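Below is one structure; the comments refer to it alone.
Residue numbers (my numbering): -4 to 128.
So this is what it looks like as structure tokens:
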């Protein structure tokens, strides 16, 4: 009998799609995970971001992280479905080990949250507009 383990699935959806198409793609990923026997514990949708390099000639991606539990045999079945989904630019499923979870807790405890360059530029633009008024 296989025991359930904790996994994280990170997906990058084509950022050029309409919001409805992105929502449909997120629902598809979540549905695939649950249909294959996984149990989703949390979903973190980061949103649209510029990619570090072009992926399938796209430079904007919609990023999301999904934590779920499932048997080890389920991962291959999930990847088999996600591999042929055209709206997904990339996906990665990793097992969250106890050492990795402990390291995350330490990083969250001692780190300072720094936004992306896009977030900082938007905040600076808003501040300069407010100062100009």
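Glycine included, each C-beta is placed from N, C-alpha and C at the ideal position.
Quick caveat, the model's predicted, so the values are computed rather than measured.
C-beta atoms of residue i and residue j nearer than 7 Å
i: residue 88; j: residue 57; result: no
i: residue 27; j: residue 73; result: yes
i: residue 83; j: residue 51; result: no
i: residue 36; j: residue 3; result: no
i: residue 90; j: residue 31; result: no
i: residue 86; j: residue 95; result: no
Reference residue i; option with closest CA among the options
i: residue 81; options: 0, 19 and 30; result: 19
i: residue 70; options: 23, 124 and 29; result: 29
i: residue 79; options: 11, 1, -1 and 23; result: 23
i: residue 40; options: 46, 21, 53 and 33; result: 21
i: residue 9; options: 55, 76, 96 and 92; result: 55
i: residue 42; options: 106, 102, 11 and 105; result: 11
i: residue 64; options: 127, 34, 124 and 75; result: 34
i: residue 44; options: 7, -2 and 13; result: 7
i: residue 60; options: 25, 49 and 93; result: 25
Simplified DSSP assignment, three categories, for residue i
i: residue 80; result: coil
i: residue 34; result: strand
i: residue 47; result: strand
i: residue 53; result: strand
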